[in-house]
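The sequence shown lines up with residues 23 to 490 when you count with the numbering used here.
The C-beta atom is built at its ideal place from N, Cα and C for all residues, glycine as well.
Since the model is a prediction, treat every value here as computed from it, not as a measurement.
Below: one structure, written as structure tokens.
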Amino acid sequence: MGSMNRKKRIFLMSGILVVLVFAVLLTSHYVTPVSTNAADKKQTKVPKNIIFIVGDGMGMPVIKAYRTFKQEKLGSPKAQTVWDPHLVGMQTTHPDDPRDNITDSAAAATAMATGKKTYNDAIAVNQEKEPLRSVVEAAKEAQMKTAFVVSSDITDATPAAFGTHNVSRKNKEQIANHFFDEKIGGEHKVDILLGGGMQYFNRKDRDLVKEFKKSGYSILRSKDDLTSQSSAKMLGLFQEDELDRAIDRPKHVPTLKDMTQAALTQLNQDNSHGFFMLLEGSTIDSAGHENDVVGAMSEMEDFEKAVQAALQFAKKDQETLVVITADHATGGFSFGADGMTSETGYKWDPAPILAAKKTPVYMAKKIAGGQSIRDVLHTNIDFTLTKEEISQVEKAAQSGEASTIQLSIQHIFDQRSFSGWTTFAHTGEDVPVYAYGPGKAAFQGWIDNTKQGKNLFHIIESPSTYRP
Ligand SMILES: [Zn+2]
23 MGSMNRKKRI FLMSGILVVL VFAVLLTSHY VTPVSTNAAD KKQTKVPKNI
73 IFIVGDGMGM PVIKAYRTFK QEKLGSPKAQ TVWDPHLVGM QTTHPDDPRD
123 NITDSAAAAT AMATGKKTYN DAIAVNQEKE PLRSVVEAAK EAQMKTAFVV
173 SSDITDATPA AFGTHNVSRK NKEQIANHFF DEKIGGEHKV DILLGGGMQY
223 FNRKDRDLVK EFKKSGYSIL RSKDDLTSQS SAKMLGLFQE DELDRAIDRP
273 KHVPTLKDMT QAALTQLNQD NSHGFFMLLE GSTIDSAGHE NDVVGAMSEM
323 EDFEKAVQAA LQFAKKDQET LVVITADHAT GGFSFGADGM TSETGYKWDP
373 APILAAKKTP VYMAKKIAGG QSIRDVLHTN IDFTLTKEEI SQVEKAAQSG
423 EASTIQLSIQ HIFDQRSFSG WTTFAHTGED VPVYAYGPGK AAFQGWIDNT
473 KQGKNLFHII ESPSTYRP
């Protein structure tokens, strides 16, 4: 190597060194502190409002399937779900149960609502059956407004564990009573209750609908009531039990998004202390229990639109933390199943699911009610069924049982889409956690599901400009 070259190299190296030193100085003294502070400030700022969102039974394979279903529906292979960009980690789901290591919705909701694990079936009580304080109670004590928006009955395990206490999730009438009877600072714990479950509120022994009305709540029975009867205190009971799957829902029954927007409009008025809202896509779980892939995709779509409304609110507001997670997975759903060959392709196929106009549950009820099998299938399924498929349903219909007919119709969709199921119950894997907005940093990483409750308490009870 010649001396000129060496000299040139040294000159070049010195030049690079000067630039590097300058860059380091600039970064450490100016750029880094400013950007870190800004990021920290945004992440550690106490959010004014909290929207805590649960996809009940929404395991990762169902999310993957829904994303694929959405891509096919939109003809957009790169489409994401609205929560995909906000993934921050995973959470455990197991209960603290003497026998079980797979959670039910009650124990999982208790963990998230109170920060404490408990036994399956428990609604915000510990092993000794003593009540565990919930984040909703803390929110009310901090004078925050509170709202529950769910697609199950309002007395179902998740909303029950956030708003009441009971030794068993099965005591739905007691849970409904609790929503009215238990007060904090003279107020009912939840200002806005929207979902299903009229039968648990309007009973022969007690009419809680009348009592809520007397107590100043607007009573909502239909989608139109969400606008015409809108007020700061609302009890909306749109069906007797959980709401029908979105794809089957009668016109007067609102979507989860309709209810979410109605609640947010009210919560955002005269909102000096902030609000806590629980939003649950409850019936993703119900479809999972039935092993109904058509129903599961219907509920995921209904859920996504509601989550989108919540995220849009938060993006505009900039003072709202949104956490999105699941309590557990249901049905052991698998994206891909037996039957895939080199001819069919190695793929889960959403096309047959998109061809369903109603769920197999809906079709089975019509057939069990005496309608023609061929007519029902032809009217509600947009592909030509094979002779074998029709004969499967005809054979099932001989039982006269809607549930048997339902399984035979579901089998057609499973086989054509390559959807697998391993159980009619829950499975115990970890589930994803997504977060957006101020305070989201606390939800990052692999966390225990009790960390959700602990984080929420910390936020609600932090001294802030919003809360006393
Ligand atoms: Zn659940």
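- A residue is listed when its beta-carbon falls short of 5 Å from at least one non-hydrogen atom of ligand 1; in chain order these are Asp78, Ser127, Asp307 and Asp349.
- Ala447 counts as exposed, since fewer than 16 other C-beta atoms from the protein chains shown sit within 10 angstroms of its C-beta.
- Setting aside the 5 residues that flank it on each side, Glu163 is surrounded in the same chain by Ile206 and Gly207, each with a C-beta closer than 8 Å to its C-beta; the list follows chain order.
- In the DSSP annotation of this structure, the continuous segment of the beta strand (DSSP E) that includes Val172 starts and ends at Lys167 to Asp175.
- Counting the other Cβ atoms within 10 Å of the Cβ of Arg121 gives fewer than 16, which makes it exposed.
- Contact between the segment 175-191 and the segment 298-314 is present: 3 or more CB-CB pairs across the two stretches fall below 8 Å.
- Between Ala169 and Val212, the beta carbon gap of about 7 Å places them in contact (Cβ cut-off 8 Å).
- Membership of Gly111 in the beta strand (DSSP E) is indicated by the continuous run Leu109 to Gln113.
- Following the DSSP letters along the chain, one finds Pro99 in no beta strand (DSSP E), marked with neither H nor E.
- Residue pairing of Pro490 in beta bridges, as defined by DSSP: absent, with no partner found.
- Taking the Cα positions, Val157 is about 14 Å away from Ala130.
- Judged by DSSP secondary structure, Ser240 falls within the beta strand (DSSP E) whose first and last residues are Ser240 to Leu242.
- Beyond the five residues adjoining it in sequence on each side, Gly461 comes within less than 6 Å, by CB distance, of Pro69, Leu343 and Ile481 in the same chain, given in chain order.
- With a contact defined as Cβ atoms closer than 8 Å, Gly217 and Val172 qualify at about 4 Å.
- For Lys380 and Met82, the gap between their C-alpha atoms comes out near 24 Å.
- Nearest to Met112 by alpha-carbon distance, out of Ser190, Asp106 and Thr347, is Thr347.
- Assignment of Phe335 by DSSP, reduced to helix, strand and coil, places it in the helix class.
- Counting every other CB atom within 10 Å of its CB across the protein chains shown gives Glu323 a total of 16 or more, marking it as buried.
- Listed as beta-bridge partners of Ala87 by DSSP are no residues whatsoever.
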